[in-house]
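Asker: First residue of the sequence shown? That's 6 in our numbering, and the numbers climb one at a time after it. Every residue gets a Cβ at the ideal spot worked out from N, C-alpha and C, and that includes glycine.
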Amino acid sequence: VHRGLDQDGNAGVVFERMAQALVRCSTAQGDFEEQEAASRRRKLARYLLVRAGPLVEATTASGEADLTGISALIHMELQILDSQDALYQKVL
6 VHRGLDQDGN AGVVFERMAQ ALVRCSTAQG DFEEQEAASR RRKLARYLLV RAGPLVEATT
66 ASGEADLTGI SALIHMELQI LDSQDALYQK VL
């Protein structure tokens, strides 16, 4: 039974925390296999951050909670992912 637990601000915060862990262990370094695995983790992190962004922003806009700090983290983490992906592409 799908209860819609992935569609509110709480889910957005959880998605951001999951993505943060993936970002921290996904730097573009090491041999080819390590970089491939890191690339897959970055892809999952990006998916989670893209899902989290609108949920967090909607919660802040509704006045339910002030999640502007989480929104700032999401934007920063997306920039980190862009940088790491660019480094990875240079290696290929």
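What residue does the alpha helix (DSSP H) around A63 start on, and which one ends it?
Answerer: Note, A63: alpha helix (DSSP H), F37 to S67.
Asker: Measuring straight from C-alpha to C-alpha, what distance separates F20 and R51?
Answerer: In a straight line, the C-alpha of F20 is about 10 Å away from that of R51.
Asker: Please confirm if the region 39–49 is in contact with the region 59–70, defined as three or more CB-CB distances below 8 Å between the two stretches.
Answerer: No, they do not touch.
Asker: Taking only the alpha-carbon atoms, compute the straight-line gap between A77 and L92 and give it to the nearest angstrom.
Answerer: Using only the alpha carbons, I get a separation of about 23 Å.
Asker: What does a CB cutoff of less than 8 Å around Q34 pick up in its chain, not counting 5 residues either side in sequence?
Answerer: For Q34, where only same-chain residues beyond five positions count, the Cβ hits under 8 Å are Q40 and A43.
Asker: Taking G14 and E82 to be in contact with their CB atoms under 8 Å, please state how far apart those CB atoms are, rounded to whole angstroms.
Answerer: The pair is not a contact, with the Cβ atoms about 17 Å apart (cut-off 8 Å).
Asker: On the DSSP letters alone, give me the boundaries of the alpha helix (DSSP H) that G9 sits inside.
Answerer: No alpha helix (DSSP H) contains G9, which DSSP labels as neither H nor E.
Asker: Using the Cα positions of L49 and S31, report the straight-line distance between them to the nearest angstrom.
Answerer: Rounded to the nearest angstrom, the two C-alpha atoms are 11 Å apart.
Asker: Using three-state DSSP, classify D87 as helix, strand or coil.
Answerer: Reduced to three states, the DSSP call for D87 is helix.
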